Each structure stands twice: as C-alpha cells, then as structure tokens.
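In order, the protein sequences belong to chains Z and U.
Every letter in the first sequence is one number past the one before it in our numbering, and letter 102, counting from 1, is 102.
Every letter in the second sequence is one number past the one before it in our numbering, and letter 185, counting from 1, is 767.
Worksheet: one structure, shown below.
There are 2 protein chains.
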Amino acid sequence: MITRTSSLFLRTLREDPADAEVPSHRLLVRAGYVRRVAPGGYSWLPLGLRVLRRIEAVVRDEMNAIGAQEIQFPALLPKEPYEATGRWTEYGDSLFRLKDRKGADYLLGPTHEELFTLTVKGEFSSYRDYPVTLYQIQTKYRDEARPRAGILRGREFVMKDSYSFDLDDEGLERSYQAHRAAYTKLFDRLGLEYVVVKATSGAMGGSASEEFLAVAETGEDTYVRSTESGYAANVEAVVTPAPPAQPIEGRPEAQVHHTPNTPTIETLVNFLNAAGLGREFTAADTLKNVMLKTRQPGAKEWELVCVALPGDREVDMKRLEASLEPAEVALLDEADFAKNPFLVKGYIGPKALQDNGVRYLADPRIVPGTAWVTGADKVDHHVVDLLAGRDFTPDGTIEAAEVREGDASPDGQGTLVAARGIEIGHIFQLGRKYADAFELDALGPDSKPIRITMGSYGVGVSRLVGVLAEQNHDDLGIIWPREVSPFDVHIVIAGKDEAVAAGAEKIAAELDAAGIEVILDDRKATPGVKFADAELVGVPTILVVGRGLANGVVEVKDRRTGEREEIAVDAVVEHLVKLVRS
Amino acid sequence: MITRTSSLFLRTLREDPADAEVPSHRLLVRAGYVRRVAPGGYSWLPLGLRVLRRIEAVVRDEMNAIGAQEIQFPALLPKEPYEATGRWTEYGDSLFRLKDRKGADYLLGPTHEELFTLTVKGEFSSYRDYPVTLYQIQTKYRDEARPRAGILRGREFVMKDSYSFDLDDEGLERSYQAHRAAYTKLFDRLGLEYVVVKATSGAMGGSASEEFLAVAETGEDTYVRSTESGYAANVEAVVTPAPPAQPIEGRPEAQVHHTPNTPTIETLVNFLNAAGLGREFTAADTLKNVMLKTRQPGAKEWELVCVALPGDREVDMKRLEASLEPAEVALLDEADFAKNPFLVKGYIGPKALQDNGVRYLADPRIVPGTAWVTGADKVDHHVVDLLAGRDFTPDGTIEAAEVREGDASPDGQGTLVAARGIEIGHIFQLGRKYADAFELDALGPDSKPIRITMGSYGVGVSRLVGVLAEQNHDDLGIIWPREVSPFDVHIVIAGKDEAVAAGAEKIAAELDAAGIEVILDDRKATPGVKFADAELVGVPTILVVGRGLANGVVEVKDRRTGEREEIAVDAVVEHLVKLVRS
C-alpha cells in the first residue's frame, strides 16, 4: 500500500522540542516519530511505530533462529513471586506498585525472571524436557528517577527478554554463546556501531556477564577500552592487573615515625620528603585506609569494613558498591568513630583494624612484598616500610579504586581509554538464583532432582529506535539504515504539472506492486518544504520526480551520501528494486 | 520453520482446570495455549501467541484497508486528561490507579479517547487535515469486579481501538459505515457466527451505536432478535413499538372508586373484577407508577422521577439506568416518602405527581387515548378510565419496562426471542463529547473554528481467541478456522520405524519450503497420545504418516468433519498446499 503524505498522520516541526537533550530525541520528535505523553512515556506515531515494528521483526527473527520460543506474560503482575525472590522490596522506588479493587498488591513488570521460572516449573518436569529458551517482546515499566533523552530512557518501554534453562553449566555456556552470537548478528544487521563490554551483573545476581553498548557520545554508560586490543569493559567490571609479588626476605624493618600534622596524603608526603629519609616518596607509596560500614540485605547490624588502596587513587563508589553487592554501603559518621576509639582519624593503619577484627580488603596492587607508608594508629604517627605479607595480610582484595585513562589494560595489551555508550543488550549467566528461589528442578535419569541453571538476555527494543537515530543522522535529519527505515523509497513530487504527478503515481504504483514500501509526497507544498521533510524523515532513498520527467529522467538521491543520480524513467523501478534489495 | 513437538514449549493437560467455567477456557488451558498468572491475567504460551498474532494481523489488515493509521499510546497514563473528562472518577473501581515515585497520579488505560483527541489536536489544525482515522492494537487494563471465563473477560487484554475524526455529521456517518463494513469483513474472515445488535452507548456518551455479538450460549450479554427478520438488539437498546393513538372524543369519564385493601396490582384487579363494572380487567389495564430519584453527575440534590408503565410489566433496572444515563438512579426510602406526603404508597397516581412538579415519564405504550386504572392519590382509592392525553400528559417517554420473549419486534416483523452472545466489537458515533472537553477544532475555510465530531470503534482482540475456541470445538478439543490456526498442518509420526520418521520429515520439509506452517509430532510417544494431542490442539488438517507409507500412502484427516482420506505420498504436498490455500 502506498502511503501518501497528504493523508498521513504526520506533522514535522521546524523547531526543536524544548526538553530535548540529545540529537535522536530532537529529531524523532521533529520528524513526527514520537510524542511525549508523560515523563518517560511516549506515543508512537505512524512512522515511529513502523520503525519499532521492523526492529521487533529483526529481533524475533534472530531469536527464532537460535530456537528460542516466543511467549508473552502480563505486565500487571501479582506481588507474591516478587516477594519470594525479595525483589518486591529490593527494587525500591523503581518499581511501579498498585493495588486492585480488593486491595491485593500488584506491580508493573520491570523484568520477568520470576514468571519465566515459574512457568517453566509449571510445564516441565523431566531432564528430557531441557534445554529450553523462551523469550518475549513486551512492554516493561520502571519508575526511573530521571527519565531522559526521549525514548532512550523511558519509564514504559519495549524489551526483548529471554531466558535459557539448562541442566548444567556447560549447557548454560552453550545457551549464553548462542545468544551472544545472535545479538552480534542482530546488531550487525541493524548496522549499529557497538562494543561488547565485560559487565557486572547488577541487582540480577549471577556470574558471566557482558553488555552490548552502542557507541554514542551522548551515552549514559561509561566504559573503558584498550588502545591496542579489543578489550572493553564497564568501569565497574575492570579487573585491576596485580603486579608480581616481591621478595620479603632482607627487606627493611617497618619503622614508626613521628609525623606531626600530617592527616592528609599530601601533608604526609611533603613531611617525609623533607625528613631526609634518603629516598623520594609519592602518594603512590602511601596506603590509604578508607573506613566504611556495610549491611547485608535483611540484616539489622552494620559491619565495619576497611578498604585499603594506594594513596594516589580515589575510591570509585560505583566500583566499590558493585564489588560489595548485594550489601548496602555507607560512610562512617561521628557516632561510629566515637564507638570505635581504636580508629584514629587520619592515622588509621592495618594493625589496629586487624587487632579489632575489622574486615580489611585491599586493592589488588597491594601484593605480598609491597612496602607502604600508612597510619600508625596514633595521632601524628605513621609507619614506613610496612610490608604486605609480612607486617599485615589483607582479608581479601577488592575492586574499589578508580580506573584512570592510561592504566594498563587488564589483558596486558595497551592502556585504557574512556568512552561512552548506550546499553542496547545485556547477556549474563544468571545461574541458579531464581531456580533456587522457586525450586526449579528436573527429574534426572536416575530419578534425582537436577537444579536448573538459567541465563538471562535482554535487548532494549524501543531504545534501539533512539540509538539508531543517534548513530544515523546529520544536520538535516535522520538517515535510517535500510533494514529499519519506515519506508524503502520516499518519492517527492517536485512540480505542479499534472504530468509530473501522474508520472510519480505510476512509478509509485509499480514499486508498490514490486513489494517496495513507498511514501509519496503528494502535498500541495513547495519542493523546498518537501525536500526538507524528506531529509528530516530519513528514508535512505529519495526519488525526485520533477521537470526532468519531460525529458524522460528522474533523480535518485542517496540520503546518506547526498549523491544524486539521473535515471531514465523507464529504468527507475528496476534500479530502485535492485537498490532496496541489495 | 518446522515446529517440532519434541522441543516445543507445550504440555497438554488431561484434566480440566478447576476454575474453568466455559469450554474455551477449559480447552485453551488443556491444550497449552494460555496459563493463568493472576485473576484475569494470563500468559500466552507459544501456541496461544501464534493465534493471537494471526488475529491481530487480520484486524490490522482490515483497518489499513479503510485507511486507518496505526499508532500506539502508552498504557501508563497521567491522570490529568482523564480528570478533564471526568472519567478519572466516573470509572470508579474499574480503573487501575497508581502513583509514581514523586507521588503523581497515573492510571492504566482502560480506553484511550482522551489521548486520541489530544494527539489529533496536537498535530492537526486545518479543515484540510481532516478526516483522519487512527487506531492502535494495545494492551488495556480494567479492574473487573468479576474476571471470568479465562481470556473472555480478563483484567489485562488486547484491544484494537480506533477513532475517526470528521468535520461534520455526514463525515462521521461515512466513517461509521466504513468501520461497520470493515468489522463485518473481519469477523467473516475469522469465520465467526455473530449478530449486529443495536446498542446503547454506555458510559461513553454519544448516539448511534451497534455491537457485534458472537453467538454463544455461554455469553454474558443477553440480546433479543426477531423470529422473522434480521432485527437484533441489546435488551437495553430495544425500542418499544408504540401502539397507535386512540380517539379521545366520546370516551367515558374517569371515575374514582373506593377500592379497599388493594395496594398491589393483583389485589386491585381481583377487586375490580369482583365489583361488577361490566368488563374484565387484567394487570395490563392498570398503570403502575414507580417512584425513583435521580441525580445528575456532579449534582448534590436528588430529583424525584416517576416511571409509569403497564401493570403487567416489571421495571428492568438495566434498561431504566441506560435510559437515564449519565444520571444516577435510586429507589425512594422512607425519609423520601415522609418528606413528600402527597405520595400515597400503593395509591400513587399521575395527578398528585404532576400537581407537585414530579417529572412523569411513561412507557411508550401509554399513548394518547389509552385508558388506565391507577392510584387516586388517596388510600384505598383508584381511578378507572383515566385517559392519557386527556386526564394526564406524561413529561416524556422512557424505555424502562422489561422486554419479554414474544413481544412484537420493533421493526414490525415477527416477535422477539432472547439469545446470548459475547461482545466482540462495538462501533458508535461518539459525537463531540471529547472534542468539547479538549476544544478540538479545525480552522475552517472561512477561518472559523469547526468542532470535530468523533466515532469510536473497538474489537476485543485477545477475547477473540476465546470466542473462536468457544464457537469451534468438540468433545476432543479445539477446531481452529484456517485463518487463525497456530499451524496449517499437524503431522503425526505414527510408528517407530525409521523410514516412517524419515518420510514424515521429508514431507514436513517440502511443506515448509512451500510456505506451509507445519507442526511435526516427533515425540517418542504412542500414536494414541499423539492423536489425542492433535485433536486437542485443533490444527484443521492432520497428516498421519504411519504404516501405510510402505505402500506409498499417508492419511489426511479433517479435524472438523473427522473425514480421513488416503493420499499417495508423492501427491500429498501438492494436495495439502491446495487445501491450505483454498
């Protein structure tokens, strides 16, 4: 069916919307793809819905290709399964909660792990039933604190979420790799520029985890990548390379020094360098002991924790929190210090901490044999040459220090640089968290139960509309990749001549008959207005039917390159069919 | 792609679910199409989702064919537009309401009139923009008091809702008729047995209105139809045929009689027939005056209303309420009688009512010249031969009396019989209610604003899955119409022979290559189990590949008729392709 601009529910805007922060938001509103209804809530107008549906079709295609089966859950869900896994409360303010007329508690599904698990448990019982992978393409709800950038971060959005159910870890690994390959194919088909980064698993729990990030300056997610290799990771997931351990034998004894008025790293380093100890100290030689308290979910009591890191590094709270998850983390207040007099502010050292049973977690750089200047647990005193593995032994390592551009890449190749992206996919090995919560077992060949292990895989389907516009636009408007463009060819009637209109209609009818999706600008508007709208709307191929028709030619314009080509009117249908199908 | 039963996420059940009241619910659960998640909330398993999607495709097809344009609104909507139209409160308990993290009020959309109106207002301004028709296929939410019958009446369901926007009444009539024709085509394509009934417009407001009801014994909606003509109507919408007026000249005077102890129709009729008045009286000769009070939306005060109807008819509260909508209706209590001493219980007549300014609404049968026995506004007294149009004149007519089987059909042909159905579509001329609420105007050619008039049209898309199963099943299971069946052909491998399996696979592959959707039962189960599942699942054509294969034949079974036919294996693909495409 030919779409005619004269009757299409589309009005393009000359002005940018006031609330648009990023190009995709600005252009999708201006070109009439979406309209804002509420914070983080958008209507899809005809053009937008066409793009969304085409993306959905590609996602569905790649999911079906790996044998995933499509189902669909309600969005309005009862509280009970989410209470069983603790997520009813863990989700906090991000969960939309409501009551029905009888006062029963419901939620709007943010993700459906509970339902997938319960549904498989309801249908399957034998090991012969497994593996199985299910997915849905569904509307999800999250009460984001700061919905932003139009459909890039909405409160109501479309997601493809799939779950794999396997009998063992090898099976899970196969399912995970199948999804990884499917996502790669999918994002390649959409022509996206993206990186796959190692990720932490967040509130979901689980182990192996990677994110697909679309490269975008305006992206909310920061990641780092190697200057030399393909290594890329979320900052939270960067594993600090540990230096080799050093010998302990024959190293100088630790010595306590009187270091008056040196409660900060800077004052300490200056004091030591002025003290004539025969060597130069830097902040990297000092050991900073950052006091925190943590509380496990459901626990009442806080526990003291000390995070030790080289004095030239700051704590990155996001990395720290990701490392300690699911525990809550807070800084100490005055009352905490008062209750624990062994904590000498500005002069805290590992000795008093470990004597008093405080958990002591060290940055991976603090390997055995490294020597440090640190607090001596006494006002105005520090200890020099405190040797890890001899004078103190951490209770464990922790990834809490900031990652800096120029740090060595964890894979040993090159150094790290920072970049920004938008999360478009996330795959991870969820493991048995939900299977445990709902006792999802298969009866094995020996009649013994086998606890199922799960993988979880998501694609932000509606977000992809925004991401594609973000990666494919210029000053004039959007430039859709062919695979998702709302139409294949945008025909502009440039001229008031009846013959021109008739010629354009004839070409449109022939293209339509050949299965090409055509939008025909048949409005009584100036060619200038029509060209501007065609550039803004972003169909990759623009066909201009104008004065040249009298001489038997029409013009084909490539929206991306701007190249124009005159084509004989008799050959143009074949030319365009070939172009669209290529 | 061939779907294999061995890996399909499908487990059929031998037992009926405990909560299933109607056949469609029972069978859709047993055959593994849907699963219950919450009251009125269902998951779509792979087979169910396939049927739902096929129905959606047919609906979309017929909507596009009449030039309707698809868009999509959020389901989570801000309160404000619904407050502007009063529906935020009018919807009462049926509306799911919730608050976001900032305490702002939201609702889950039950219908989207407000959003459609506001969206058109946002895009369009000139009379040249109109007419336009928009639709969406979307998940809707209503907190039903009694969700029932599985997906027939859920709290989360899929609806197609469309709205037409026209400049004048003629345009609205055209849009209405276009939808009426599209719905007829659509329901015919789905092979549904249905009637189109005249309907009242309910809480929506507006004038012309028809419902499409699928004929079903288990339906919730009662309607009446003529024994002779095509007339059909909702009971609420039946217009009582008025008898011809009768002459007033020369009729006997009204006379008050002392009728002791006759507060009921029965005691009155018995008394009169025993009184020797020279004629026989029946309840139909008496005029029953039913006292009520009504209150307009937003009003504080109640107003007295009297509904007069022949004494042999009861008031049908649903018809009465539909007639008085949007006013609230209640019966009088003792305090009301005490406040209005002119109301003499059991002996109320039109005189005192009209003398005291009570609105007096009469059944359409009470035409001028009809004579009645009714209360004389005095205990133990009635008046005989009170003539309508002479002794009293009602303030208007009202459809409040019950409709009975055997009543004359309003179209003058035959009599009425009652039947039951399930609402599958509703079309009505909404008029300017929402355009008025949001001042939706088009600037006319003379630069004067033209208030837009709207039509509203709905199809219960997910409900249709249930309705189709309700109309298409037998004791063994569902029998899908071809247009919506989850698969075209169900192949059963009946035999353990390797050659049989290989033969079935070969046929499946050839059918698949020909674009036929195949489900192949390749499980290691007995033929009996496979046959029972195939009958239950309800694909219209079953192909049995078994022992006969050695002799070059396979069996094609028609699920609906039960007919079996042996077909040469070389000819079967062509045979089936023809069958499916026919």
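Each residue gets a CB set at the ideal place from its N, CA and C atoms; glycine is no exception.
Just so it is clear, the structure is predicted and the values come from calculations on it, not from any experiment.
- In this structure, the CA atom of residue 1124 of chain U is about 36 Å from the CA atom of residue 648 of chain U.
- Rounded to whole angstroms, residue 20 of chain Z and residue 329 of chain Z show a C-alpha spacing of 35 Å.
- Beta bridge pairing from DSSP links residue 948 of chain U with no other residue.
- Rounded to whole angstroms, the gap between the alpha carbons of residue 250 of chain Z and residue 286 of chain Z is 21 Å.
- Counting of Cβ neighbours within 10 angstroms places residue 428 of chain Z among the buried residues, the total reaching 16 or more.
- By the C-beta density criterion, residue 279 of chain Z is exposed, having fewer than 16 other C-beta atoms within 10 angstroms.
- Bridge pairing for residue 449 of chain Z: Z:443 [DSSP].
- Looking at the backbone, the Cα of residue 361 of chain Z and that of residue 397 of chain Z are separated by about 5 Å.
- If you look at residue 606 of chain U, you'll find it isn't in any beta strand (DSSP E); it sits in the alpha helix (DSSP H) that goes 605-612.
- No Cβ of chain U is located within less than 8 Å of the beta carbon of residue 454 of chain Z.
- For the region 49-66 of chain Z, the residues whose beta carbon sits under 7 Å from a beta carbon of chain U are, in order, 49 and 64.
- In the pairwise beta carbon analysis, the region 978-997 of chain U is classified as touching the region 802-819 of chain U: at least three pairs are separated by under 8 Å.
- Distance from the CA of residue 319 of chain Z to the CA of residue 132 of chain Z, rounded to the nearest whole angstrom, comes to 34 Å.
- If only complete runs of 4 or more residues are kept, the region 630-709 of chain U shows the alpha helix (DSSP H) at 662-666, 669-672 and 695-705, in order along the chain.
- At least one beta carbon of chain Z lies nearer than 8 Å to the beta carbon of residue 625 of chain U.
- For residue 184 of chain Z, the secondary structure class from DSSP, reduced to helix, strand or coil, is helix.
- Beta-bridge partners assigned by DSSP to residue 773 of chain U: none are found.
- The three-state reading of DSSP puts residue 595 of chain U in coil, since its state is none of H, G, I, E or B.
- Residue 132 of chain Z reaches chain U at 591, counting residues in chain order whose Cβ is nearer than 7 Å.
- For the C-beta of residue 191 of chain Z, not a single chain U residue is nearer than 8 Å; the gap to the nearest is close to 24 Å.
- For residue 579 of chain Z, the CB contacts under 7 Å within the same chain, skipping 5 residues up- and downstream, are 541 in chain order.
- In this structure, the beta-carbon distance from residue 386 of chain Z to residue 248 of chain Z does not fall below 8 Å.
- Of the residues assessed, residue 43 of chain Z falls on the buried side of the cut-off, its CB having 16 or more other CB atoms within 10 angstroms.
- Following the DSSP letters along the chain, one finds residue 892 of chain U in no alpha helix (DSSP H) but inside the beta strand (DSSP E) bounded by residues 885-892.
- Judged by DSSP secondary structure, residue 722 of chain U falls within the beta strand (DSSP E) whose first and last residues are 714-723.
- In the three-state DSSP reduction, residue 296 of chain Z falls in the coil class, being neither helix nor strand.
- In the structure shown, residue 210 of chain Z falls within a strand segment according to DSSP collapsed to helix, strand and coil.
- With respect to residue 424 of chain Z, residue 157 of chain Z sits apart: the two C-beta atoms are not nearer than 8 Å.
- Listed in chain order, the non-local C-beta contacts of residue 35 of chain Z below 8 Å within the same chain comprise 29, 42, 43 and 45, local neighbours out to five positions each way being set aside.
- Under a criterion of Cβ atoms nearer than 8 Å, the residues of chain U adjacent to residue 69 of chain Z are, in order, 590, 591 and 628.
- Put simply, the backbone Cα of residue 524 of chain Z is about 47 Å away from that of residue 583 of chain U.
- Within chain U, the residues whose beta carbon sits less than 8 Å from that of residue 76 of chain Z are 620, 623, 678, 690, 723, 737 and 738, listed in sequence order.
- The way I'd put it, the region 1083-1099 of chain U doesn't touch the region 556-569 of chain Z; fewer than three beta-carbon pairs between them come closer than 8 Å.
- Distance from the CA atom of residue 99 of chain Z to the CA atom of residue 117 of chain Z, rounded to whole angstroms, is 24 Å.
- Looking only at U:893, U:866 and U:749, the smallest Cα-Cα distance to residue 872 of chain U is reached by U:893.
- Three or more beta-carbon pairs separated by less than 8 Å are not found between the region 376-385 of chain Z and the region 174-186 of chain Z, which leaves the two stretches without contact.
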